[in-house]
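As structure tokens, the structure follows; a few thoughts come after it.
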Amino acid sequence: MHGSARTGGDAARLSEVKFLTVAEVAQVMRVSKMTVYRLVHSGELPAVRVGRSFRVPEQAVQEYLRDAYVAEGL
């Protein structure tokens, strides 16, 4: 969203987003932090960069797991 104007509605929705650290994502997914970094860098798991750290929207983790679950036919 670089350069775009934000409306009040966008800001309100963004404030409702829960961001997780890479360590928290790794714990939820039961994988290593390196696996989470690989998913982020490959674009499979969306994230925002805050300084030198990444934050992943909790919803994105849930969607990734749901999609992986369905894709594997489990």
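Using the numbering used here, you'd call the opening residue of the sequence shown number 32 and step up by one each time. Where a beta carbon is used, it is the ideal one built from N, C-alpha and C, also for glycine.
#1: Within its chain, find whatever has a CB closer than 7 angstroms to the CB of Ala-91; leave out the 5 residues flanking it on each side and keep chain order.
#2: State buried or exposed for Val-48, treating a residue as buried only when at least 16 other CB atoms are found within 10 Å of its CB.
#3: At 4 residues or longer, and completely inside the region 38-79: list those alpha helix (DSSP H) runs for me, N to C.
#4: Going by beta carbon distance, what residues of the same chain come within less than 8 angstroms of Phe-106, once the five residues before and after it are set aside?
#5: Candidates Val-59, Val-81 and Thr-52: which alpha carbon is nearest Ala-97's?
Looking at the atomic coordinates:
#1: Leu-76 and Pro-77
#2: exposed
#3: Counting whole runs of 4 or more residues, the region 38-79 contains the alpha helix (DSSP H) stretches 39-47, 53-60 and 64-73.
#4: Residue 106 lies beyond the stretch modelled for the chain, which goes from 32 to 105, so this question has no answer here.
#5: The displayed chain sequence assigns Arg, not Ala, to residue 97. Checking every option, the nearest Cα to that of Arg-97 belongs to Val-59.
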